[in-house]
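Visitor: After the structure tokens below, expect a handful of questions from me.
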Amino acid sequence: MYSTTFLDLPALAQAQGTVSLPGSKSISNRVLLLAALSQGTTVVHDLLDSDDTRVMLQALQQLGCAVEPAAIVPGQPVRITGLSGRLPAGASARLFMGNAGTAMRPLTAALSVLGGDFQLSGVPRMHERPIGDLVDALRQLGCRIDYLGNPGFPPLHIQPPDFSALQDQPIQVRGDVSSQFLTSLLMALPLLAATRDIRIEVVGELISKPYIHITLELLARFGIAVHNEDWQRFTIPAGSHYRSPGEIHVEADASSASYFIALGAIAADSAEGVRILGVGQDSIQGDIRFIEAARAMGAEVEGGPNWLRIRRGAWPLKAISLDCNHIPDAAMTLATMALYADGTTTLSNIASWRVKETDRIAAMTLELRKLGAVVEEGADYIRITPPATGADWHAASIHTYDDHRVAMCFSLAAFNPAGLPVRIEDPKCVAKTFPDYFEALFSVCATAREHIPVICIDGPTASGKGTIAAEVAQALGYHLLDSGALYRLTGLAASRAGMELDEAHSAQIAALARELPVRFDAEQRIWLGNEDVTLALRSEESGMNASRVSALPAVREALMDLQLSFQQLPGLVADGRDMGTVIFPHAPLKVYLSASAACRAERRHKQLISKGIAANIDALRADLEARDARDMNRSVAPLKPAQDSLLLDSSALSIEEVAAQVLAWWQERRPFGRG
Ligand code: DC
């Protein structure tokens, strides 16, 4: 996840490859409960690993379901052996539901029908979330549920039901507070339908029908065919009983898929296209109908039960006029696709946009205009005409209003024909539904090397370049290349292999350097094969060995490709003495960091003392001056500032001040203004 204040997306050119999307939360927890109520074992693939699903799994285990493995392991299915619709006589448990509404409501219904003595509680916020309408509905049947705290709210005490007075009249439930109440009844009442029809009647307008649709579809896969009369009356026919489908895939979130469907339509011009794993054309989620809209704009979409492949069809895209009432969330993605259309696109019947995370009509209007589009907004529509020519596009800093969907759909503007970068403010807002959205996007996007920015930070030993490079990379969300570490690694690997570190062995050492099994992890640790060598690389001996191997031209040549390979989306900060001169000569910002020998000696002294290593400041200074002289005068890659680098003497500055200066220089080079 990017938690920087902004994320600059370089101009992107092409998309190709496969993305696996995270499983849908609402489908995950429904499937778990249905599997638990069924007869037989269900193998559940692609279960979402989240707080809500963990709560549900834990509760099911407490109730006696065999769950294997006991916790969710990425990439592994979960096997659940169901209860065959019965609990052992005298079953009892205290279940903690955290803040998982998708576990609390359905379990309340299922347990009060199954029978037993149960207490269900949650975090304080859960005890403020209403459940009274569901309890009222269940009491009509003869279920015994008591409030342990405030009436109408959890925690609850459930006791064995008394169904002796159960009549044939319909169970009534309110539909206008939360569709979860109806979902909970629909999943619990098949347990009572062995010998009689069970009828449920919705009181008031039913909200969130697409969610009830998901419930009905999943019930069907577990053997329960509910008769739906106009979303007002539902009948579970006599003789219904739960049967495991054997295997089931939890679909990925269809709204999240819309960004990658759009990506394929805009930028997948190869045969491979963009493949989405986790959701298919026959998805039970309402937003899957986004595919129809994308096709109307020109996308070529094919798919199977659990995958989609999208390729660019018509180009430019075709402008459309569409009533978007059936896909309110995914329709936002159409608004950015409209930037690439051959005319004016109108999205209508979207009044609900105004009452979402933000006023989405206003937000989209403002931000699309920043990019150069001509936009008209109405109470319940938006009309978008793309920038007339490449020259009419502007580099924009997109405000995201703490709205995940604004951030995700504007990432598509990075394909603009003007080759301009796009700045997304507060990129972490995507965490609401898709924390790794930008990582997934970058993994299937390509662009010309020159579009991926590199900031070079060079300078003499102990100038603080490593620290500053890391700070700057962190602030921008860029990758980091510590090139010195590569020479240190080569020195370490060569000396371990028993090689002399001299010119006579340079071909051997270079061969080793070319094959270095190096890995930098997210915690800034450095691995050589399976060994964590972070500390070993910091030793004085490592430094000496690095200094020797780095003087060998064949070794420098051998490390060239490895260093270039760090230039990846969204950008790179490269630290080392020849970054701006040899490896990335076209980098748009090069900084040459210096500090007086006295100052550097003092910094290194402090550093050593803090590690408990005794040191003499005068000796350190003499050492540094000698190293400077050697580095500047050596014939191979001598230490010298690139001609176009900006000099920064950090002697009198703190780390924060130096980093702020580098970032300010970077900002001046960006097309977004002072932001
Ligand atoms: O920055 P450092 O102390 O980790 O560098 C280790 C050695 O590698 C040092 O002697 C300089 C050399 N080096 C180099 O020649 N070229 C680079 N790009 C980086 C480091």
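In the working numbering, each residue carries its 1-based index in the sequence shown increased by 1160.
C-beta atoms are modelled at their ideal positions from N, C-alpha and C, and glycine is treated no differently.
All values derive from a computational prediction rather than experimental measurement.
(1) Looking at Gly1624: is its Cβ nearer than 7 angstroms to the Cβ of Ser1754?
(2) Enumerate in chain order the residues of its own chain whose CB-to-CB distance from Ala1523 is below 6 angstroms, with the five nearest sequence positions on each side excluded.
(3) Could you check what DSSP says for Lys1750 in three-state terms: helix, strand or coil?
(4) With DSSP as the reference, label Val1191 as helix, strand or coil.
(5) Cβ atoms of Leu1494 and Leu1477: under 7 angstroms apart, would you say?
(6) Identify whether Ile1367 lies in helix, strand or coil by the three-state DSSP scheme.
(7) Under the assumption that Phe1382 contacts Leu1194 (Cβ atoms under 8 angstroms), give the Cβ distance between them as a whole number of angstroms.
(8) So the beta strand (DSSP E) Cys1569 belongs to, where does it begin and stop?
(9) Under 6 angstroms: does the beta carbon of Ala1706 sit that close to some heavy atom of the ligand DC?
(10) Mapping DSSP to helix, strand and coil, what is Ser1338?
(11) Considering only heavy atoms of the ligand DC, does any lie closer than 6 angstroms to the CB of Gly1651?
(12) Report buried or exposed for His1387, applying the criterion of at least 16 other Cβ atoms within 10 angstroms of its Cβ.
(13) DSSP three-state label for Phe1256, please.
(14) Could you tell me how far apart the beta carbons of Thr1505 and Ile1544 are, in whole angstroms, since I believe they sit closer than 8 angstroms?
(15) Given Gln1176, which residues of its chain have a CB within under 8 angstroms of its CB, disregarding the five upstream and five downstream residues?
(16) Just how far apart, CA to CA, sit Glu1816 and Pro1488?
(17) Span of the beta strand (DSSP E) holding Ile1436?
(18) Which whole-angstrom value describes the C-beta separation of Gly1464 and Gly1438, a residue pair presumed to lie in contact below a C-beta threshold of 8 angstroms?
(19) Flag this pair as yes or no: are the beta carbons of Gln1118 and Asp1357 separated by less than 7 angstroms?
(20) Let me check one thing: in DSSP terms, what residues is His1205 bridge-paired to?
(21) Please state whether DSSP places Tyr1162 in a helix, a strand or coil.
(22) Thinking just about the alpha-carbon of each residue, which of Trp1475, Ile1187 and Gly1250 is nearest to the one in His1409?
(23) Starting from Trp1825, trace the beta strand (DSSP E) in both directions and tell me its first and last residue.
(24) Starting from the Cα of Ser1814, find the closest Cα among Arg1334, Leu1208, Arg1760 and Phe1256 and give me that residue.
(25) Strictly by DSSP, which residues pair up with Phe1394?
(26) What do you reckon, is the C-beta of Ser1142 under 6 angstroms from a heavy atom of the ligand DC?
(27) Quick one: give me the first and last residue of the alpha helix (DSSP H) that Cys1759 is part of.
(28) Pull up the CB-CB distance for Tyr1402 and Ile1384, whole angstroms please, since I reckon it's below 8 angstroms.
(29) To the nearest whole angstrom, what separates the beta carbons of Asp1447 and Ser1418, a pair I think is in contact under 8 angstroms?
(30) By Cβ distance, which residues of its chain are closer than 6 angstroms to Gln1445, with the 5 residues on each side in sequence left out?
(31) Would you say Ala1555 reaches chain D, if we count a Cβ-Cβ gap shorter than 7 angstroms as a contact?
(32) Work out the CA separation of Ala1574 and Leu1172 for me, nearest whole Å.
(33) Closer than 6 angstroms to a non-hydrogen atom of the ligand DC - does that hold for the CB of Asp1738?
(34) Run the proximity test for Ser1666: is its beta-carbon closer than 6 angstroms to any non-hydrogen atom belonging to the ligand DC?
(35) With three or more C-beta pairs closer than 8 angstroms as the rule, is the region 1734 to 1750 touching the region 1789 to 1806?
(36) Check the DSSP bridge columns for Cys1605 and list the partner residues they point to.
Guide: If we stick to the structure as given:
(1) no
(2) Tyr1561 and Val1566
(3) strand
(4) helix
(5) no
(6) coil
(7) 4 angstroms
(8) That residue, Cys1569, is in no beta strand (DSSP E); its alpha helix (DSSP H) goes His1564 to Phe1570.
(9) yes
(10) coil
(11) no
(12) exposed
(13) strand
(14) 5 angstroms
(15) Ala1428, Ser1430, Glu1432, Gly1433, Val1434, Val1604 and Ala1606
(16) 44 angstroms
(17) Val1434 to Leu1437
(18) With 8 angstroms as the limit, Gly1464 and Gly1438 do not qualify as a contact, their Cβ atoms being about 12 angstroms apart.
(19) In this structure the chain extends from 1161 to 1835, so residue 1118 is not present and cannot be described.
(20) His1409
(21) coil
(22) Ile1187
(23) Counting along the chain, Trp1825 falls outside any beta strand (DSSP E), though it belongs to the alpha helix (DSSP H) covering Ile1815 to Arg1829.
(24) Arg1760
(25) Ile1360 and Asn1388
(26) Nothing can be reported for residue 1142, as the shown portion of the chain is limited to 1161 through 1835.
(27) Ala1757 to Ser1770
(28) 7 angstroms
(29) 7 angstroms
(30) Ala1414
(31) The structure shown contains no chain D, having only a single protein chain.
(32) 5 angstroms
(33) yes
(34) no
(35) yes
(36) Ala1175
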